[in-house]
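Engineer: Could you have a look at this structure, given as structure tokens, before my questions?
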Amino acid sequence: MADFDTKQITAHIEGRIAATAIEEDPFPHLVIADLLPPEAYEAVLRHWPPDELFRINRSMERKDVNVRRDLADLPEPARSFWTELRAWTTAANRAIALRFAPYARLKYELFLGPRWQELIGEIAHIIGEAHLAYYSGKVGLAPHIDHPKLVTNAFLYCSERHEEEPELGTVLYAGRGFAMPDNKLALTAPLIARLLRRVKVVPYRANLCLAYLNTPRSFHGVDAMDLGDRHRRLLMFGSMLRIKDAVRLFGPEYAPP
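To convert, note that position 96 of the sequence shown is 96 in the numbering used here; the numbers rise steadily by one, no gaps.
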């Protein structure tokens, strides 16, 4: 897209990811301020798609769109902008995966045991699709982990406000000796109180990115609240295993949906 210098923007993104310290409590994660240059972030807000393009995702209690698939027919300049943005998220995914590579044991050892390095062999990570999502009305996500095919995940908060809003952020939890292989087990309130400890909230703030390694202990959620007409908006992107590798490592019962 002529309005943006892709190399300059991806260099900014890679620099911000490289400059941010990894936090290990309760699981490896990055809280990256100002992931995008100001003009690029403002363009995300300016070109944000109309609500009618978003589809209901009942499992996550939100509405979302796949940037590549669902925004391809938008009129210009929005169509070109979202095509450009995919180059930015691809660069971010690669840089994030590189930062978390030294922590791979935390993802695989609980599944595969002490021989995990031998068993995983040479695996390739797929750069995942970029998605836009928003929450409105009554929301709340109980503590959960992501599907084991996902290696890294990232949320860029797309707030239109300048102030920080911790109550709209993402809650990170530590397991009290507890881990889960996938996200199919619904944790009840008594189990949450017994098995998990609330550690921190990554606040909802414009251009702030939460990125993390998806492990059997990467519990996160969103507090229950009523947003009314307000939209809690996210740009989501990540890296994942190939389906054949996910099945080989975790078994056919963990074949991605």
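Every residue gets a Cβ at the ideal spot worked out from N, C-alpha and C, and that includes glycine.
According to DSSP, is Asn93 part of a helix, a strand, or is it coil?
Structural biologist: Helix at Asn93.
Engineer: Express the C-alpha separation of Thr170 and His220 in angstroms, rounding to a whole number.
Structural biologist: Between His220 and Thr170, the C-alpha separation is close to 7 Å.
Engineer: From the DSSP secondary-structure annotation, give me the bridge partner or partners of Arg232.
Structural biologist: Tyr135, per the DSSP bridge assignment.
Engineer: CB-CB under 8 Å to Leu106, same chain, minus the five flanking residues each way: which ones, in chain order?
Structural biologist: So the list reads Phe27, Pro28, Leu213, Thr215 and Arg217, once near-sequence residues are dropped.
Engineer: Given a cut-off of 8 Å, decide if Pro166 and Pro203 are closer than it, judged by their beta-carbon atoms.
Structural biologist: For Pro203 and Pro166, yes; Cβs fall inside 8 Å.
Engineer: Give me the Cα-Cα distance between Trp116 and Pro77, rounded to the nearest whole angstrom.
Structural biologist: Rounded to the nearest angstrom, the two C-alpha atoms are 47 Å apart.
Engineer: Secondary structure at Ala154, three-state DSSP: helix, strand or coil?
Structural biologist: Reduced to three states, the DSSP call for Ala154 is strand.
Engineer: Below 6 Å CB to CB, which residues in the same chain sit around Glu164 once its five sequence neighbours on both sides are set aside?
Structural biologist: Excluding positions up to five away in sequence, the list reads Pro203 and Arg205.
Engineer: Here's the rule I'm using: 16 or more other beta-carbon atoms within 10 Å means buried, otherwise exposed. How should Pro37 be labelled?
Structural biologist: Buried: at least 16 other Cβ atoms inside 10 Å.
Engineer: If you follow the alpha helix (DSSP H) that Pro203 is part of, which residue opens it and which one closes it?
Structural biologist: From DSSP, Pro203 is part of no alpha helix (DSSP H) but of the beta strand (DSSP E) over Leu196 to Tyr204.
Engineer: So His12 is in the alpha helix (DSSP H); what residue range does that whole segment cover?
Structural biologist: Element bounds for His12: Thr6 to Ala19.
Engineer: Please name the residue in Tyr135, Ile22 and Pro50 whose C-alpha comes closest to that of Ala224.
Structural biologist: Of Tyr135, Ile22 and Pro50, the residue nearest in Cα terms is Tyr135.
Engineer: Starting from the Cα of Cys158, find the closest Cα among Leu235, Ile243 and Ala21 and give me that residue.
Structural biologist: For the residues Leu235, Ile243 and Ala21, the minimum Cα distance to Cys158 belongs to Leu235.
Engineer: If you draw a straight line from the C-alpha of Val65 to the C-alpha of Thr152, how long is it?
Structural biologist: Val65 and Thr152: Cα-Cα distance of roughly 19 Å.
Engineer: Might you give, ordered along the chain, the residues of its own chain that have their beta carbon closer than 6 Å to the beta carbon of Thr20, omitting 5 neighbours on each side?
Structural biologist: Correct list, in chain order: Leu30 and Ile32.
Engineer: Keeping to the same chain, check which residues put their C-beta closer than 8 Å to that of Met1; ignore five residues upstream and five downstream.
Structural biologist: Here the model assigns Met1 a pLDDT of 48, short of 50, so the residue's position is not dependable, and the following value carries that caveat. Cβ neighbours of Met1 beyond the five flanking positions: Pro77, Ser80, Phe81, Thr83 and Glu84.
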